[in-house]
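This report concerns only the one structure given below.
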Amino acid sequence: MHIAKVLVFSTACLVGATVSTAAAEPPVRPTLLDFIALWLDARYQLGFPSSPPDIIALPQAELAARRYGEGSPAAPDDIVALYDKEARAILVSSDWSAGSFAELSILVHEMVHHLQDESGMVFACPAQREKLAYHAQDEWLKLFDQDLEAAFGIDPALILVATACVH
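Following the working numbering, the numbering of the sequence shown begins with 963 at its first residue and continues without gaps.
Given below as structure tokens:
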């Protein structure tokens, strides 16, 4: 069976699974973020989070302001999501719908940052932490016969520049 079909089947089974921890407690149902965290840990040994991040939808202009500062000349639609370390939240664009593998890959990218933060990873510069996030996102997309370039126009040269420390 093709890996993408197995993954979709596995996700459906995982989401539908019921795990009882005690007779008096309600069943625990794994979330999509749990599944992504398990996949990231199996693939990159990032560990499992002590708690999942919140997912908060914001207008793209606010995402751009948080990323680049108020009044930045950056186009607001250049930012589709951010990880807010202080809030322990994935901030997504208000038009994000999780309706495609590409949109789900955004959670993969931001979940890498959540797990990096939880594990206390230290980087030479903020851009360096993006390298693994882009790699994991691209690997996720490849499970579904897609890639970063086709889905988002992000090619290897752009990733090289975006993940380089420029001290």
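Where a beta carbon is used, it is the ideal one built from N, C-alpha and C, also for glycine.
Classification of residue i by the beta-carbon crowding that lies within 10 angstroms, buried from 16 upward
i	result
P988	exposed
E1072	buried
A1098	buried
H1129	exposed
S1067	buried
G1031	exposed
S1055	buried
L1103	buried
P1021	exposed
L1110	buried
CA nearest to the CA of residue i, picked from the options
i	options	result
L995	A1049, R1028, V1070 and G1009	V1070
P1011	L1103, A1019, I998 and I1018	I998
I1052	L1103, D1107, I1017 and S1013	I1017
I1125	R1091, A1112, L1077 and A1113	Residue 1125 is actually Thr in this sequence, not Ile. Cα-wise, what sits closest to T1125 is R1091.
L1105	F1063, D1057 and G1009	F1063
H1076	G1061, E1048 and E1101	E1048
A1043	Q1108, L1025, R1005 and Y1030	L1025
G1082	L1002, L1008, R1029 and S1055	L1008
L1204	R1050, A1089, S1056 and Q1108	Absent from the structure is residue 1204, since the part of the chain shown begins at 963 and ends at 1129.
D1040	A1086, A1027 and P1014	A1027
E1101	F1114, R1005, R1029 and S1013	R1005
D1046	A1019, E1065, G1033 and D1057	A1019
Residue i - partner residues in DSSP beta bridges
i	result
I1116	Note: I1116 sits in no beta bridge, so no partner.
D1016	A1051
Cβ distance (whole Å) where residue i is taken to contact residue j below 8 Å
i	j	result
V1074	A1095	4 Å
P1015	T993	So it is not a contact: roughly 11 Å between Cβ atoms.
Q. Where in the region 1019 to 1093 do unbroken runs of the alpha helix (DSSP H), each at least 4 residues long, occur, reported from the N-terminal end onward?
A. 1022 to 1030 and 1063 to 1081
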